[in-house]
Amino acid sequence: GAVVSQHPSWVICKSGTSVKIECRSLDFQATTMFWYRQFPKQSLMLMATSNEGSKATYEQGVEKDKFLINHASLTLSTLTVTSAHPEDSSFYICSASATSGRPPTRPDTQYFGPGTRLTVL
Amino acid sequence: AQTVTQSQPEMSVQEAETVTLSCTYDTSESNYYLFWYKQPPSRQMILVIRQEAYKQQNATENRFSVNFQKAAKSFSLKISDSQLGDTAMYFCAFIPNFGNEKLTFGTGTRLTIIP
Numbered sequence: 001g002a003v004v005s006q007h008p009s010w011v012i013c014k015s016g017t018s019v020k021i022e023c024r025s026l027d028f029q030a031t032t033m034f035w036y037r038q039f040p041k042q043s044l045m046l047m048a049t050s051n052e053g054s055k056a057t058y059e060q061g062v063e064k065d066k067f068l069i070n071h072a073s074l075t076l077s078t079l080t081v082t083s084a085h086p087e088d089s090s091f092y093i094c095s096a097s098a099t100s101g102r103p104p105t106r107p108d109t110q111y112f113g114p115g116t117r118l119t120v121l
Numbered sequence: 122a123q124t125v126t127q128s129q130p131e132m133s134v135q136e137a138e139t140v141t142l143s144c145t146y147d148t149s150e151s152n153y154y155l156f157w158y159k160q161p162p163s164r165q166m167i168l169v170i171r172q173e174a175y176k177q178q179n180a181t182e183n184r185f186s187v188n189f190q191k192a193a194k195s196f197s198l199k200i201s202d203s204q205l206g207d208t209a210m211y212f213c214a215f216i217p218n219f220g221n222e223k224l225t226f227g228t229g230t231r232l233t234i235i236p
């Protein structure tokens, strides 16, 4: 239970193009979704928090115009990397949580997607 | 602000042995949750175990158990009868009990199980 999917699992794009990554909660309604970035051999760095139907809250230093986040429904959030550049190459991970904590989730617990590897040429 | 410290960057242990990963945290909150997440080479973050701070009883999940010492702000993970599939990066994490607040992660411990 509490399964989160991400699509695509990997993507290669040219510099200057935009890339959209989808995050879906498959068996629960996610009131909040989180987007992380992870550099090799490092911990996860939170980029932004989004609640369904609201604007995302970005962490300090994260460009909101570059990393567009949409949380249009209780099961889907998207991260769009606009005008991607090689320095945006990274591993992006989403997570989802449900306020209710109803099964299969537990309160205040984040469930993670499998991640998306982005390579910008 | 909350901080989570994992002082062991790397550990290795023989298969079938027991290993303990340490984690300490700092917070002024009285109610919170603590987690251990596992990230194997596939990079999928997997929830290993979860502990509510108001519960004195240590959480257990099969071969995984924690030693939660609230006064000392310590939250160690014990893996019994270690298996090759336990090879992964392990992250300790903290969240205040406010609902959907952000996780604070430690820097991780890379655990290798040796056949």
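Chains F and D, in that order, give the protein sequences. Each step along the first sequence adds one to the number in the working numbering, with nothing skipped, and position 109 is 109. Each step along the second sequence adds one to the number in the working numbering, with nothing skipped, and position 21 is 142. All residues carry an ideal CB built from backbone N, CA and C; glycine is no exception. None of the values given here were measured: they were computed from a predicted structure.
Alpha carbon to alpha carbon, how far is residue j from residue i? Give it in angstroms, no decimals.
{"i": "residue 18 of chain F", "j": "residue 81 of chain F", "result": "5 Å"}
{"i": "residue 2 of chain F", "j": "residue 186 of chain D", "result": "21 Å"}
{"i": "residue 210 of chain D", "j": "residue 235 of chain D", "result": "15 Å"}
{"i": "residue 24 of chain F", "j": "residue 180 of chain D", "result": "29 Å"}
{"i": "residue 33 of chain F", "j": "residue 92 of chain F", "result": "13 Å"}
{"i": "residue 174 of chain D", "j": "residue 64 of chain F", "result": "34 Å"}
{"i": "residue 45 of chain F", "j": "residue 61 of chain F", "result": "11 Å"}
{"i": "residue 86 of chain F", "j": "residue 137 of chain D", "result": "43 Å"}
{"i": "residue 21 of chain F", "j": "residue 121 of chain F", "result": "17 Å"}
{"i": "residue 142 of chain D", "j": "residue 16 of chain F", "result": "43 Å"}
{"i": "residue 106 of chain F", "j": "residue 189 of chain D", "result": "19 Å"}
{"i": "residue 123 of chain D", "j": "residue 150 of chain D", "result": "9 Å"}
{"i": "residue 199 of chain D", "j": "residue 140 of chain D", "result": "6 Å"}
Helix or strand or just coil, what does DSSP make of residue i?
{"i": "residue 63 of chain F", "result": "coil"}
{"i": "residue 107 of chain F", "result": "coil"}
{"i": "residue 118 of chain F", "result": "strand"}
{"i": "residue 205 of chain D", "result": "helix"}
{"i": "residue 217 of chain D", "result": "strand"}
{"i": "residue 173 of chain D", "result": "strand"}
{"i": "residue 222 of chain D", "result": "coil"}
Sort out for me which residues DSSP pairs residue i with in a bridge.
{"i": "residue 128 of chain F", "result": "Because residue 128 of chain F is not part of the residues shown, which for chain F are 1 to 121, the question remains open."}
{"i": "residue 231 of chain D", "result": "D:131 and D:210"}
{"i": "residue 71 of chain F", "result": "Residue 71 of chain F is not bridged to any residue."}
{"i": "residue 96 of chain F", "result": "F:33 and F:111"}
{"i": "residue 178 of chain D", "result": "For residue 178 of chain D, which the question treats as bridged, DSSP gives no partner whatsoever."}
Taking 7 Å as the cut-off, is the CB of residue i close to at least one heavy atom of the ligand ZN?
{"i": "residue 60 of chain F", "result": "Of the ligands one can find in the structure shown there are none, so the ligand ZN has no counterpart to examine."}
*Ordered list of beta strand (DSSP E) runs contained in the segment 23-59 of chain F, each at least 3 residues*: 32-38 and 44-51
*Listed from N- to C-terminal order along the chain, which residues in the segment 151-177 of chain D have their beta-carbon within a distance smaller than 8 Å of any beta-carbon of chain F?*
154, 156, 158, 163, 164, 165, 166, 167, 168 and 171
_So within the segment 129-170 of chain D, which uninterrupted alpha helix (DSSP H) runs reach at least 4 residues, ignoring any that extend past its ends?_
Fully contained in the segment 129-170 of chain D is no alpha helix (DSSP H) run of length 4 or more.
*chain D contacts made by the segment 104-118 of chain F, where a contact means CB separation under 9 Å*: 106, 107, 108, 109, 110, 111, 112, 113, 114, 115 and 117
*With 9 Å as the limit, tell me which residues of the segment 179-197 of chain D have their beta carbon closer than that to any beta carbon of chain F; keep them in chain order.*
none
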